[in-house]
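Residue numbers (the UniProt record's numbering): 1 to 139. Right, one structure below, let's go through it.
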Amino acid sequence: MKAERNNDEAAWKAATALLQDFLKLTEEISTLLTGEVDEPGDVEKKLDERAEIIRKIQGLNLRTDDGDAGQEVQKHRWLYGQLLEKIEKAEDANKKRLSEIMQQQMKQMRETTRSIRTIDAYNKQMQEVEMPDEQVPLK
């Protein structure tokens, strides 16, 4: 029974530490998203790190029954819940920012398309207009 409690405590402690790392990465992603995303590789790297943390947490045996949960287990569960709430808020903000970035990119693509069409039309018109080979002197 005591060994089981120690295992539970160790699992919840490890999960809480991993979740703190996850939150830190989420906040770093948020910081990257608020600036110009010149290096999408930075965001991808952090997303890969988060995916690894998720795999580690899923590998832990986190028991949720309150039967013999000791005080330490309860403390880590509470902290785990608090971290999940913070992560959820950060994720919501990141989703909103990503949506804004996508809208900006779409607007920029539309403007670029319009510019290309204008340049193409002008170029086509210039090719259609025949220029005289010799200039006629003005009187």
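Even glycine gets a Cβ: it sits at the ideal position worked out from N, Cα and C.
For G81, the uninterrupted alpha helix (DSSP H) segment begins and ends at Q71 to E128. Sequence-distant partners of S115 (beyond 5 residues in either direction) whose C-beta falls short of 8 angstroms from its own C-beta are missing from its chain. Distance from the CA atom of K45 to the CA atom of I29, rounded to whole angstroms, is 10 angstroms.
With fewer than 16 neighbouring CB atoms inside 10 Å of its own CB, A51 falls in the exposed class. Note that the region 95 to 113 does not touch the region 70 to 86; fewer than 3 beta-carbon pairs, one per stretch, sit closer than 8 angstroms. For I87, the CB contacts under 8 angstroms within the same chain, skipping 5 residues up- and downstream, are L19, F22, L23 and T26 in chain order.
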